[in-house]
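To convert, note that position 109 of the sequence shown is 108 in numbering that gives the first Met the number 0; the numbers rise steadily by one, no gaps. Think of the CB as a built atom: it goes at the ideal place given N, C-alpha and C, for glycine as much as any other residue. As the structure is a computational prediction, the values presented were derived from the model and not from experiment. Following: one structure in structure tokens, then a few remarks.
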Amino acid sequence: MKIDHIAIAVNDVEEAAKKYQEVFGIDKVEFETIETEGVRVAIIHLENGRIELMQPTNDSSPIKKFLEKKGSGLHHIALETDNIEGEVTRMEGCGVQFLGKIRPGSAGTKVTFIHPKSLHGVLAELCSHPK
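Structure below.
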């Protein structure tokens, strides 16, 4: 496994993306709306990973609830695996709890989230990119 991205919850993805571009000297930012998760993301590619800025697109979005409770900031860390189904099964054998089933994520990935209680308060996402 390796770190795939760091996700940051923001109120205004366009404004946040401009700031990240300026601060880190990034030329290109990709935007995508993920209807199933209720978010619009700005994807910032770095040499060794990505930063994803996430803005809620509706009132039932988990990001909307996160922002109301905690404000802007670090939301989760994403770990990439080639075999998400196998990792879920292995981790469940270790007592890890997941927040829902494997589902579609950005850019055609498959994703699932590990409950923060399983990782000492940290929300983690497992993701598997299409081959």
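Measuring C-alpha to C-alpha distances from Lys-130 to each of Ile-83, Leu-122, Val-87 and Pro-55 identifies Ile-83 as the nearest. Look at the segment 26-52 and you find these whole runs of beta strand (DSSP E), each 3 residues long or longer: 29-33 and 38-45. In chain order, Val-12, Thr-32, Gln-54 and Thr-56 place their CB closer than 6 Å to the CB of Arg-39, counting only its own chain and leaving out the 5 sequence neighbours on each side. Counting along the chain, Leu-66 sits inside the alpha helix (DSSP H) bounded by residues 61-69. Ranked by Cα distance from Leu-98, the options Val-87, Ile-113 and Glu-91 are led by Ile-113. Membership of Lys-130 in any beta strand (DSSP E) is not indicated, and neither H nor E is assigned to it by DSSP.
The residues Ala-16, Tyr-19, Gln-20, Ala-41, Ile-42 and Ile-43, in chain order, have a CB closer than 8 Å to that of Val-28 in the same chain once the five nearest residues on each side in sequence are set aside.
Taking C-beta separations shorter than 7 Å and ignoring five residues to either side along the sequence, the partners of Asn-10 in its chain run Gln-54, Leu-66 and Ser-71, following chain order.
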